[in-house]
Amino acid sequence: MTISSTAVSDDPIAGLRVAITGGTSGLGLALVRELISRGARVAFVARTRERVEQVARENPGAHGIVADVSKKEDIYPMAIQITGELGGLDILINNASSLGPTPLRLLSDTECEDLEDVFAANLFGPFRLTKALMGSLAASAREGRGAVVLNVISDAGISAYPHWGAYGSSKAALNQLSRIWNEEHAGEGVRFLSLDPGDMDTPMYHSAIPGADPATLKRPEQSAHELINAIAAALPQLTQV
Amino acid sequence: MIAATSAVQRPADAKLLVVDAQRDIIHVPRNAFVEFLRPNDLVIANDAATLPASLTGVHEPTGHQIELRLAGRPSLDPMEVSRFSAVVFGEGDFHTRTEDRPLPPTLTPGDKLVLGPLQATVEELLGHPRLISLLFHGTTDDVWAGLASHGKPIQYSHMQTSLELWDVWTKVAGLPVAFEPPSAGFILDWEVLSTIREHGAWFATVTHAAGISSTGDDDLDRLLPFDEPYHIPETTAKAVEIARQRGGRVIAVGTSVVRALEDAATEVGHLRIGNGMAKGKIGPTTRLRVVGAILSGTHEPGTTHYELLRAFLEDSTLERATKELTTHGYKTHEFGDSVLIL
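Below, the structure written as structure tokens:
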């Protein structure tokens, strides 16, 4: 994928209703900015109230929601606010992720509870939130707007990197969840994508690989642009169904 | 009929009473519903998600505890969530039947209500000491956040446990605008929708702000259903036209769908797309213009929902069906069994 300029008026993203989890730093923040710049209506979710309020202030029109995707009791309050504030939903981006404790540890040195926490954020949270929002997404597809769920995965979910066991296995499961969901909801016209944004110069990456050279990493803005283009490319196929 | 007391949307032993076109009555497991579909039938459900419309709090002038149940709003516009009508109860909770709940303290325009993180002002009384119009303070996002964090679904004294939002959202729930669940839609899951397609039938939705089904107060209940805003998608209107052209039946899943479709119907049975406000009651004298069949919960004589069923069936058949519901042990209320009138 390459970055190209896109006029807002011709952009299939313009006017669409998009929700992003983990929207106050790294790739999530870049996605919020990219989507706002392309005319989307955006609701973003993050755990820290101060950061949510700051990002909302800096991105007029974006709706900030304070919630933790890894907590079961936060899912429906999140769904109510997303659909209420946007008046429905066309695109869901499950971006929020947890590495678990750092420095990363070998799998056999990983506490079971830490593995559970990583799966709660990276797999069960996206599963629950997507289920809660499936009615809205299917409605959007029925009405011809298209509906896409993007699950942000990682090459750590495909290749077996030592020390990335908890994160990598959760992303592998999320990838498979996406693939199966994509088959199961083809009839409703809801499309599922699972995409790896690449190694990015983000706080999460530096937390995992202290001392990584930023010059060797992608800018999150570039990845955000590529991911939104991928969603845009999926939309016309839906509206022709 | 006995009330269903467990919050299970699709119990394995759920029953379906079918009244066919010859007015024969058939009893089948509810998951056999799709077997009664024909190619080109159109099944239409209400895809409204249920609001956490029950808010506890304090009537600030007196300091008395209240429970406020949101009951209506002027439109479905997501940016217009400041103004609602509401039914107000005094102290107590859902364990007490609404019929036995005390009145709230005397409410006066201008009174401030503190409802968890939300604050509201009583705008006016709507002809009854329990029924008010209120105005929430704060931004649209503040109101949604307050409802999300503090509100609970409206509860029922016949239920064993308190209901959570996941208990009352149907699988197709989208825009959160219903005050009580469009519970006929509990029958639907994604497998059922797939099976509908496999039968050559179609599925579509309306969004209807299904209102409070009962307040426990006879005077208020006589006013039900309140005016309810709805939305008819263009694709649903087109699907109705196609079904009609091909000889398919329009099958409404629930009374709220009937209310929306018939309110939106023109004299010759076309649908006006977009937003509308369903007013008035549907009953035995109503001439149905769009809906040909209904899949509904079980309803007891005297309720507004039962009256609506009288638009589909002559009284003698409906009375016969009601007797069979009782003798065959059908359950009623939100999580109860179902009837299909073809």
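Heads up: the sequence lines are chains A and B, in that order. Using our numbering, the first residue of the first sequence is number 1, and each one after it goes up by one. Using our numbering, the first residue of the second sequence is number 242, and each one after it goes up by one. For glycine and all other residues, C-beta sits at the position ideal for the given N, C-alpha and C.
- Residue-level contact check: W407(B) touches chain A, since one or more beta carbons of chain A fall below 8 Å from its beta carbon.
- Annotation: the continuous alpha helix (DSSP H) that includes P77(A) extends over 72-86.
- Between I473(B) and G515(B), the gap from beta carbon to beta carbon is short of 8 Å.
- No Cβ of chain B is located within less than 8 Å of the beta carbon of E183(A).
- DSSP, reduced to helix, strand and coil, places Q176(A) within a helical segment of the structure shown.
- Two segments are said to touch when three or more pairs of C-beta atoms, one from each, lie closer than 8 Å; by this definition the stretch 200-207 of chain A does not touch the stretch 156-174 of chain A.
- Taking C-beta separations shorter than 8 Å and ignoring five residues to either side along the sequence, the partners of F325(B) in its chain run L311, A312, G313, R314, S374, L375, F377, following chain order.
- Within a 10 Å sphere around the beta-carbon of E116(A) sit fewer than 16 other beta-carbons, which makes this residue exposed.
- Within chain B, the residues W385, A386, A389 have their CB atoms less than 7 Å from the CB of Q81(A), given in chain order.
- What P77(A) touches in chain B, judged by beta-carbon distance under 7 Å, is A389, S390, going in chain order.
- Residues of chain A whose Cβ lies closer than 7 Å to the Cβ of D288(B) are, in chain order, G135, A139.
- Taking all protein chains in view, the Cβ of H268(B) is surrounded by fewer than 16 other Cβ atoms within 10 Å, so the residue is classified as exposed.
- Here the alpha carbons of S154(A) and D196(A) stand approximately 5 Å from one another.
- Residue environment analysis places H569(B) among the exposed positions, since fewer than 16 neighbouring C-beta atoms fall within 10 angstroms of its C-beta.
- Interface flag for H225(A) against chain B is unset, since no Cβ pair is found closer than 8 Å.
- The C-alpha of V418(B) lies about 21 Å from the C-alpha of V284(B).
- Counting only runs of at least 3 residues, the stretch 91-138 of chain A fully encloses the following beta strand (DSSP E) elements, listed from N- to C-terminal order: 91-94.
- In this structure, A519(B) lies near E469(B), with their beta-carbon atoms less than 8 Å apart.
- Chain-ordered listing is empty here: chain B has no CB closer than 7 Å to the CB of G15(A), the nearest sitting near 15 Å.
- Within the same chain, Cβ atoms closer than 7 Å to the Cβ of R33(A) are found at N59, the five residues on either side in sequence being excluded.
- In the three-state reduction of the DSSP assignment, T21(A) falls in the strand class.
- In the structure shown, M400(B) adopts coil according to DSSP, grouped into three states.
- If you check each beta-carbon in the stretch 396-423 of chain B against every beta-carbon of chain A, the ones closer than 8 Å belong to E405, L406, W407, W410, T411, K412, V413, A414, G415, L416, P417.
- With fewer than 16 other CB atoms across the displayed protein chains lying within 10 angstroms of its CB, Q401(B) is exposed.
- For chain B, none of the residues of the stretch 34-57 of chain A brings a beta carbon within less than 8 Å of one of its beta carbons.
- Closest in alpha carbon position to D458(B), among L372(B), V532(B), K393(B), G538(B), is L372(B).
- Those residues of the stretch 160-185 of chain A placed with their C-beta closer than 8 Å to a C-beta in chain B are E184, H185, ordered along the chain.
- Taking 8 Å as the cut-off, the beta carbon of R251(B) is found closer than this to the beta carbon of D430(B).
- DSSP places H574(B) outside both helix and strand once states are collapsed to three, so it counts as coil.
- Looking at the DSSP output, E226(A) bridges to nothing.
- Contacts with chain A at 8 Å (Cβ-Cβ) include A445(B).
- By alpha-carbon distance to V190(A), the top candidate from L106(A), V149(A), A132(A) is V149(A).
- Contact between L278(B) and A445(B) is absent: CB atoms are separated by about 14 Å, not below the 8 Å threshold.
- Between H574(B) and H399(B) a beta carbon distance of about 6 Å is seen, short of the 8 Å cut, so the two are scored as contacting.
- In chain order, R142, E143, G144 make up the part of chain A whose C-beta sits under 8 Å from the C-beta of T476(B).
- Straight-line measurement puts the Cα of G387(B) at about 18 Å from the Cα of V69(A).
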